[in-house]
Amino acid sequence: MMAELIRNRMAASALAFIILMLVFAAFAPAIAPYNPTEIDTKNILTAPSKAHIFGTDTLGRDIFSRIVYGSRISLSIGFIAVGIAVLIGIFFGSVAGYYGGRIDSIMMRFVDIMLCFPTFFLILAVIAVLEPSIFNIMVVIGATGWMGVARLIRAEILTLKEREYVMASKVMGARPAWMIVRHLIPNAIGPVLVSATLGVGGAILVESALSFLGIGVQPPTPSWGNMLMDGKSTLGVAWWHTVFPGLFILFTVLAYNLLGEALRDFLEPRLRR
Amino acid sequence: MLRYIAKRLIGLIPVFLGITLISFFVIHLAPGKPTDIQTSLNPKVSYEARLRLEKLYGLDKPVYVQYADWLKRFATFDFGRSYVDDRPVSQKVAERIPITILINVLSIGLILAIGIPLGVIAAVKRGSLADKSTTVFAFIGFSMPEFWLALLLMSLFGITLGWLPISGIKSLDFEYFSLGGKVLDVAKHLILPVAISAFGGLAGISRYTRTSMIGIIHQDYIRTARAKGLKESDVIYKHALKNAMLPVITILGLSVPGLIGGSVIFESIFAIPGMGRLFYESVMSRDYPTIMGILSIGAILTLIGNLIADIAYSYADPRISLPSAREGASE
């Protein structure tokens, strides 16, 4: 699988960037040259230089160090939110697909309702009535992003459950829960993997938008989105304050999208054109 | 056709009820009450006054009763009064909604006008430079944090070059302009918000059009059309494109909630007094009636978008007359 991925140059560089970001997040204290929250009134809004490669912000904090620490926030929100979405989606999709009939139509109706929701409105409302903490953001993004996975799993299970090995297992007296977890989900997981990879990028975008509006990750904790919120006020004076955090959001999301596409090509060679 | 539309309309009612029910419970089950700002945080307010205030707003009743009350009033298009300035919510929303709809309609128009030809060219000239650059553009479009793009373009066109205004929808001296001047002024203010809100959708639609066209142009009936000597442009734009549009219409319908949700971000950045901005303000001040009003109007707009997509779908493919057929196609 690695060889297949690396053959595709775009996917390889995407993977390299993702690994770089994971390293940033894991070893942030070692990589960041400055303390990300340390205020330095002598160096306010200095342009990129040798001492501060991405410049400093309105409080003299080093932007590169803040980006390095911000990767922790973006990645953990991306992974955990998607993890929640995948778990809910697998549960919903497999139960609806396996039992079919009445249960299926009621559950899928609910999925249709959720798909019609202007999700961002709902997220905004929930975050505002709860406290805007990192935990709440993860849960809300996950709880509003599972419908795609549910549909994928259901569609896969609808075809899988007619296969002979499933029949055989049923004849041998397997209980539904065992059947779903042991036989159906493992065989339906491919498309979910693709959708989860793409979902990480999506979750990072939502988090940055929330933080940009001031209801996501709260200062002084650095996140790429709330750095852009600060950058908005210095637009036209300090380009580095806006350009660098945004580039990191763009490249990270792009990397997950490219990786997701490469995975899709790999898992579903039929679709390769 | 009319029967089909009526059937779809009836089918939308439970979806609408579901959306409002979820919104209502999510908002109301959260800890804290909207009156907290006026009561708990204000030492001058007595316990009795607090209870009176809660009673006035119906907050002392169980949530399901509150929802039933809300639904009863909704049936007469009464969304209640705003907790903030005591004006009817319907009036507040009505003031703000036209600009939001205008921006979204313009942006969908732009997406279709540019995205479909891009996708067609990429599909017809597969592997060409145009195809490759469309693919790159699509990936960047999918991954772009649009509020960041907005900041960069604001800085370029608004500050560095000074060509376009960067906030609001009218200039300060708007009242003194002639009619033509007024239209031009609003148009200038709308260029950036519309272009940026179309950007992400453009990537999606050009990509889906390409995929769908590639699947179509190898079909037998396309070969037949060519064989009988039709012009290539007729083959592509009349025979192939109409069929290739089917999945694109579905995607477009599904992207309406995203566009409406995105209006919060754009209207905040560009200081546009639209529905998204109003939603942000009411969320910040915990103005329940306004939040509920906008959520349900947002849901109605989304459902109308889906309905239009359905109708367009059955127009493009007359075989579709049953609602269930579309579900199969969207898988």
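Heads up: the sequence lines are chains A and B, in that order. Numbering that gives the first Met the number 0 numbers the first residue of the first sequence as 0 and each following residue consecutively. Numbering that gives the first Met the number 0 numbers the first residue of the second sequence as 0 and each following residue consecutively. No residue lacks a Cβ here, since even glycine has one placed at the ideal position from N, Cα and C. No experiment lies behind these values; they were computed from the predicted model shown.
Presumed contact (8 Å Cβ cut-off) between residue i and residue j, rounded CB distance
i, j, result
"B:Ile293", "B:Ser281", "7 Å"
"A:Ala24", "A:Ser70", "5 Å"
"A:Pro175", "A:Tyr68", "Wrong, their Cβ atoms sit about 46 Å apart, outside the cutoff."
"A:Ala13", "A:Leu262", "Actually they do not touch by this definition, with Cβ atoms about 11 Å apart."
"B:Ile168", "B:Val185", "6 Å"
"A:Ile66", "A:Gly54", "With 8 Å as the limit, A:Ile66 and A:Gly54 do not qualify as a contact, their Cβ atoms being about 11 Å apart."
"B:Arg209", "B:Ala315", "The pair is not a contact, with the Cβ atoms about 18 Å apart (cut-off 8 Å)."
"B:Arg125", "B:Ile213", "7 Å"
"A:Leu234", "B:Ser154", "5 Å"
Inter-residue spacing [alpha-carbon to alpha-carbon] between residue i and residue j
i, j, result
"A:Leu121", "A:Ile43", "38 Å"
"A:Gly189", "A:Leu246", "30 Å"
"B:Leu201", "A:Gly147", "21 Å"
"A:Val216", "A:Glu206", "8 Å"
"B:Leu321", "B:Gly10", "Because the pLDDT at B:Leu321 is just 47, under 50, the model does not fix this residue reliably, and the value given afterwards should be weighed accordingly. If I take the Cα positions, the gap works out to 12 Å."
"B:Glu330", "B:Ala298", "Legend: pLDDT at B:Glu330 = 36, less than 50; position of this residue unreliable, no value from coordinates given."
"A:Ala254", "B:Gly140", "13 Å"
"B:Ala328", "B:Ile264", "In this prediction, B:Ala328 scores a pLDDT of 41, lower than 50, which makes its location untrustworthy; the coordinate-derived value is nonetheless stated afterwards. Rounded to whole angstroms, B:Ala328 to B:Ile264 spans 32 Å at the Cα level."
"A:Phe243", "B:Ile12", "47 Å"
"A:Arg271", "A:Ala187", "The predicted model places A:Arg271 with a pLDDT of 47, which falls under 50 and marks its position as unreliable, so this point remains unresolved."
"A:Glu163", "A:Val170", "10 Å"
"B:Ile250", "B:Lys60", "42 Å"
"B:Phe198", "B:Met244", "20 Å"
"B:Ile110", "B:Trp147", "20 Å"
"B:Ala226", "B:Lys241", "19 Å"
"A:Arg60", "A:Pro35", "6 Å"
"B:Glu266", "B:Ile96", "12 Å"
"A:Phe90", "A:Ala149", "8 Å"
"A:Ser132", "B:Pro116", "44 Å"
"A:Leu123", "B:Leu70", "23 Å"
"A:Ala167", "A:Met106", "27 Å"
Under 8 Å between C-beta atoms of residue i and residue j
i, j, result
"A:Leu74", "A:Met137", "no"
"A:Leu192", "B:Leu150", "no"
"B:Met291", "B:Phe78", "yes"
"A:Leu197", "A:Gly259", "yes"
"A:Met153", "A:Gly92", "Met is not the amino acid found at residue 153 of chain A; the sequence shown has Arg there. Going by C-beta atoms, A:Arg153 is nearer than 8 Å to A:Gly92."
"A:Ile203", "A:Ile76", "yes"
"B:Val92", "B:Leu277", "yes"
"B:Val14", "B:Leu258", "no"
"B:Arg2", "B:Asp309", "no"
"A:Gly230", "B:Ser142", "no"
"B:Gly273", "B:Ile102", "yes"
"B:Pro288", "B:Ser81", "yes"
"A:Leu114", "B:Leu253", "yes"
"B:Leu163", "B:Leu191", "yes"
"B:Ala239", "B:Ile221", "yes"
Residue i, buried or exposed, once every other Cβ within 10 Å from all chains shown has been counted against 16
i, result
"A:Ser104", "exposed"
"B:His217", "exposed"
"B:Val119", "buried"
"B:Leu16", "exposed"
"A:Ile140", "buried"
"A:Lys160", "buried"
"B:Ser323", "In this prediction, B:Ser323 has a pLDDT of 45, which is less than 50 and means its spatial position is unreliable; what the coordinates show is noted afterwards. The residue is exposed, with fewer than 16 neighbouring Cβ atoms inside 10 Å."
"A:Ile184", "buried"
"B:Gly304", "buried"
"A:Asp56", "buried"
"A:Trp177", "exposed"
"A:Glu267", "exposed"
"B:Val104", "exposed"
"A:Leu209", "buried"
"B:Thr99", "buried"
"B:Ile353", "No statement about residue 353 of chain B is possible, as the shown extent of chain B runs from 0 to 330 and does not include it."
"A:Thr251", "buried"
"A:Ala95", "buried"
"A:Val85", "buried"
"B:Tyr175", "exposed"
Any non-hydrogen atom of the ligand MG closer than 7 Å to residue i Cβ
i, result
"A:Leu21", "In the structure shown, the ligand MG is absent, as is every other ligand, since no ligand is present at all."
request  = For the region 120–139 of chain A, enumerate the residues whose C-beta is nearer than 8 Å to any C-beta of chain B, in chain order.
outcome  = Listed by position along the chain: Phe120, Leu121, Leu123, Ala124, Val125, Ala127, Val128, Leu129.
task = Could you list the residues in the region 198–209 of chain A with a C-beta less than 7 Å from some C-beta on chain E, going in chain order?
result = Here chain E cannot be found, since the structure's protein chains are A and B.
ask   = For the region 190–211 of chain B, which residues have a beta carbon sitting closer than 8 Å to at least one beta carbon of chain A?
value = Cβ contacts with chain A come from no residue of the region 190–211 of chain B.
request  = Could you name the residues of the region 243–257 of chain A whose beta carbon sits closer than 9 Å to any beta carbon of chain B, in the order they occur along the chain?
outcome  = For the region 243–257 of chain A, residues whose beta-carbon sits nearer than 9 Å to a beta-carbon of chain B comprise Pro244, Gly245, Leu246, Ile248, Leu249, Phe250, Thr251, Val252, Leu253, Ala254, Tyr255, Asn256, Leu257.
message = By the 9 Å beta-carbon criterion, what residues does the region 86–108 of chain B contribute toward chain A?
response = Of all residues in the region 86–108 of chain B, none places a beta-carbon less than 9 Å from a beta-carbon of chain A.
query = Residues in the region 99–117 of chain A with C-beta within 9 Å of chain B's C-beta atoms, listed in sequence order?
reply = Considering only beta carbons, the part of the region 99–117 of chain A lying closer than 9 Å to chain B consists of Met107, Arg108, Phe109, Asp111, Ile112, Met113, Leu114, Cys115, Phe116, Pro117, in chain order.
task = Determine which residues of the region 123–147 of chain B have a Cβ less than 9 Å from any Cβ of chain A, and write them out in chain order.
result = Those would be Arg125, Phe138, Ile139, Phe141, Ser142, Met143, Pro144, Glu145, Phe146, Trp147, in chain order.
task = Check each residue of the region 225–240 of chain A: if its Cβ is closer than 8 Å to any Cβ of chain B, include it; give the result in chain order.
result = Within the region 225–240 of chain A, the residues whose Cβ lies closer than 8 Å to some Cβ of chain B are Leu227, Gly230, Lys231, Leu234, Gly235, Trp238, listed in chain order.
query = Mind listing which residues of the region 279–291 of chain B have their C-beta closer than 8 Å to chain A's C-betas, in chain order?
reply = Of all residues in the region 279–291 of chain B, only Tyr279, Val282, Met283, Arg285, Ile290 place a beta-carbon less than 8 Å from a beta-carbon of chain A.
inquiry  = So if I threshold CB-CB distances at 8 Å, which residues from the region 55–85 of chain A count as touching chain B?
reply    = Per Cβ criterion, the list is empty.
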